[in-house]
Amino acid sequence: MPWVARPDGHLIYYRVVEPADASMMPGKGNIVMIMGLAMSHVCWAPQTAFLSSIGYKVLLIDNRGVGFSTPERFSMRPHTISSMARDALACIQECGMSEVHLVGVSMGGMISQRLALMVAEGYAALRIKSLVLITTHCRSSLSTMPSLAAMADLISIIATRGGGPLKDPATGEINGDHPMLRLLFPKKWRHENREEIVEAFARVDREELPPDVSSEHKKVPLTSPADALKQIIGLLNHSVGEDGIEKFHKTLRMPMLIIYGGKDKLVPPESSRRIARRAVPELTTVVELPESGHALMLQCEEELHAILEEHFRKIDDCLVADVSRL
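In this note's numbering, each number is its position in the sequence shown, counted from 1, plus 674.
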């Protein structure tokens, strides 16, 4: 069964999606995707389908307290970034993956940084072929905090498990000022693209659940306010820092792709630029999507897919060429 038992009582759910075309087996390589605060692996649905379609095996993980990962009972211990990095490593090892492309968004990017630092310091036997950091930061500080208005929306979303219905019950129209939409998308874009937003969320909601969980669940369980709070406490103590970025990148020397939205309200764009300044320049690619908010996986889906495909193709084509010369 796709759960990994952790020493502290958590069961961490993971899901492996094979290449869509069986003729591509065993696939071009492994991609591990780690989601952000309080969000399940199904939020990667568009990217999972795309990466599978071009021949990659994708490992998806529900962070502790989220989705199908069962919570530790009767404890208020925070879900630290380090503990979630160890969870991800355990899932990778359970799947027998020795080398991976590592992709993390928002809090998932923080988890990915910590895992990379663990590998660099010799605590984990894993080869990270490349690291993709999407709308994230390397340490918590006043400069990386969202605005008070964004914080208010985040609290509302957590307290109500989603911020209420996206559509106005009276009119059936999508509420462009819904807390979730205010937090994730720029104002002009969300008011001009309401139908696209509805379809994007619906596509994630329609994601077919695998047999190991579909017998008991029709949909992914909502994250409890308590577990969301535990994750928030963990990310507020995130401390890989600029020195940690420099350390693991100089040690591991893998290509790093940094992607961020120019109108992100939740993670200020400067946070991604700060990471880039301490990374190894010749191994780092920085992409700003200037009109995007935090949810660039939905807002800029096709553009993101093209960026990811080019990034992975360059690395894996080079590796194939190197092997062929041996």
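The C-beta atom is built at its ideal place from N, Cα and C for all residues, glycine as well. For clarity, every value in this text was computed on a predicted model and none was experimentally measured.
task = Determine the burial state of Ala-719: buried for a count of at least 16 other Cβ atoms within 10 Å of its Cβ, exposed for fewer.
result = buried
task = Jot down the residue ranges of each uninterrupted alpha helix (DSSP H) in the stretch 820-846, minimum 4 residues, whole runs only, in chain order.
result = 822-833
ask   = Does the distance from the CB of Gly-701 to the CB of His-775 come in under 8 Å?
value = no
query = How many angstroms separate the CA atom of Leu-858 from the CA atom of Leu-822?
reply = 15 Å
ask   = How is His-891 classed by DSSP in three states: helix, strand or coil?
value = coil
query = Along the chain, where does the beta strand (DSSP E) that runs through His-684 open and close?
reply = Per DSSP, His-684 belongs to no beta strand (DSSP E) and is neither H nor E.
ask   = Alpha carbon to alpha carbon, what distance is there between Asp-842 and Pro-885?
value = 34 Å
Own chain partners of Ser-756 with C-beta closer than 7 Å, once the 5 adjacent residues on each side are dropped = Arg-788
inquiry  = Tell me the DSSP secondary structure of Gly-778 in three-state form.
reply    = strand
query = Of all the alpha helix (DSSP H) runs that stay within the bounds of the stretch 752-806, which reach a length of 4 or more residues?
reply = 755-768 and 781-794
query = Measuring from the CB of Ser-714, is there a heavy atom of the ligand ADP at a distance below 7 Å?
reply = Although the ligand ADP was asked about, the structure shown includes no ligands whatsoever.
task = Identify whether Val-997 lies in helix, strand or coil by the three-state DSSP scheme.
result = Residue placement at Val-997 is poorly supported in this model, since its pLDDT is 45, which falls under 50; the coordinates are not used for a value here.
ask   = Rounded to the nearest angstrom, how far is the Cβ of Ile-808 from that of Ile-686, given a contact under 8 Å?
value = The Cβ separation is near 21 Å, so there is no contact.
ask   = Any chance the stretch 796-803 sits against the stretch 726-737, with 3 or more Cβ pairs inside 8 Å?
value = no
ask   = Of the residues Phe-742, Val-960 and Ala-694, which one's Cα is nearest the Cα of Ser-1002?
value = The question about residue 1002 has no answer, for the chain in this structure spans 675 to 1000.
request  = Determine the burial state of Arg-813: buried for a count of at least 16 other Cβ atoms within 10 Å of its Cβ, exposed for fewer.
outcome  = buried
query = Cβ of Gly-741 within 8 Å of Cβ of Ser-772?
reply = no
ask   = Cα-Cα, which of Val-678, Gly-935 and Lys-988 is closest to Leu-963?
value = Gly-935
ask   = Within 10 angstroms of its Cβ, does Tyr-688 collect 16 or more other Cβ (buried), or is it exposed?
value = buried
request  = Determine whether the Cβ of Leu-685 lies closer than 8 Å to any Cβ atom of chain D.
outcome  = This model lacks chain D altogether; it includes just one protein chain.
ask   = For Leu-896, which three-state DSSP category applies?
value = coil
The alpha helix (DSSP H) enclosing Gly-935, as first and last residue numbers = Careful: Gly-935 lies outside any alpha helix (DSSP H), inside the beta strand (DSSP E) at 930-935.
ask   = Going by alpha carbons, who is nearest to Gly-838 out of Ala-826, Met-825, Pro-853 and Ser-888?
value = Pro-853
ask   = Where DSSP assigns a beta bridge to Leu-963, which residues make up the other side?
value = Gly-935
ask   = What distance in whole Å lies between the Cβ atoms of Gln-905 and Ala-712, which are believed to be in contact at a cut-off of 8 Å?
value = 6 Å
query = Looking at the structure shown, is Val-941 part of a helix, part of a strand, or coil, going by DSSP?
reply = coil
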